[in-house]
Amino acid sequence: MATQQNITQENGTQAAAQAGALRESAMRPPVDIFETAEGITLIADMPGVSREHLNLQVEGNTLVLEGTLQFDMAQHMEALYADVRSTLYRCSFVLSPELDTGRIEALLKDGVLAVRIPKRPEARPRRIEVRG
Amino acid sequence: MYEQLWGYQHPVSGQIRRLEQELDELFGRNTSLTGTRDIRSLPTGTFPALNVASTAEAITVYLFAPGVDPKQLDLALQQNVLSISGEREIPPDEHATYYRRERFSGPFRRAVSLPEEVDAERVDAKYHNGILTIKVDRRQAARPRQIEVR
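So the protein lines, in turn, are chains W and C.
Sequential numbering of the first sequence, starting at 300, is according to my numbering.
Sequential numbering of the second sequence, starting at 239, is according to my numbering.
This is how it looks when you write it as structure tokens:
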């Protein structure tokens, strides 16, 4: 196998990995986004991210998802092959005004993050009765 | 002649495209062109992604497989080829309008050839937060050993 990269962790601590992650570029996780009458759901694949390392924020009308992935590392590990070369996931989306950013719900399980953004009650589609 | 017609590059977008190519090469996304990869390897971006690391004691394979039931995975190590196959079905919601469907759905299989000195009897696999960590110990005889000089 061709050696793609040589990352030898001298002290093998997570702190070193975190410092490395800040210098790397972030990966945009694959997402599914769908809308129903109740709201919008976003599902992102972020393997290796646990709740403590997930950062979900709403800044104004922008939703920002960030997660740092952790994996079991040993001392003096050397990389032989890497599809995944960064430890940071990041993506952001602009939310339209009818979405109720104050009632966002999120669930993280097995590296899959599901975010539900409900629509404001007054913004839900309503049937208009036609008289006559 | 094609280049003259379709190869027209706006001064700004041409520079942006060159910058994108340079960044792609810098971050290794063009390795299929510039580097020689294992014959069993799949194009980057295949689900699930795979990383392989080694220490003196073992080879560790990381499979990035979020939302997968580890009990349904089929893991096999035969003649130093580690293969993992499984399935992740994401049934679409019929009452929803989809704007993006980027997450992989369906059957998958990845195989990696490990160095010859691994011990097929000593494999440990663990699934946590969507990463399957498979540790295969190197054969005792193949581990670097300190030789004492008497």
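Cβ coordinates follow ideal geometry from the N, Cα and C atoms, glycine included.
- Looking at VAL429/W, THR335/W and ASP409/W, the one whose alpha-carbon comes closest to that of LYS364/C is ASP409/W.
- Judged by beta-carbon spacing, LEU313/C lies beyond the 7 angstroms limit of VAL350/C, meaning their Cβ atoms are not closer than that value.
- Below the 7 angstroms Cβ cutoff, chain W contributes ASP331 as neighbours of ARG339/C, in chain order.
- Contacts with chain C at 7 angstroms (Cβ-Cβ) do not include PHE392/W.
- Going by C-alpha positions, THR361/W is about 11 angstroms away from LEU398/W.
- Bridge pairing for ALA336/W: absent [DSSP].
- Taking the beta carbon of SER292/C as reference, the chain W residues within 9 angstroms of it are MET376, GLU377, ALA378 and LEU379, listed in sequence order.
- Excluding sequence positions up to five before and after MET326/W, its CB lies within less than 6 angstroms of the CB of SER385 and TYR388, all in the same chain and listed in chain order.
- Under DSSP, PRO417/W shares a beta bridge with GLY338/W.
- Per DSSP, the continuous beta strand (DSSP E) segment holding ILE369/C begins and ends at 369-376.
- Under the three-state reduction of DSSP, SER251/C is assigned to helix.
- Assigned with DSSP and collapsed to three states, ARG347/C falls in strand.
- The beta carbon of GLU334/W sits closer than 7 angstroms to some beta carbon of chain C.
- Here the C-alpha atom of ILE332/W lies approximately 15 angstroms from the C-alpha atom of ILE403/W.
- For the 7 angstroms CB-CB criterion, ALA405/W and VAL393/W do not form a contact.
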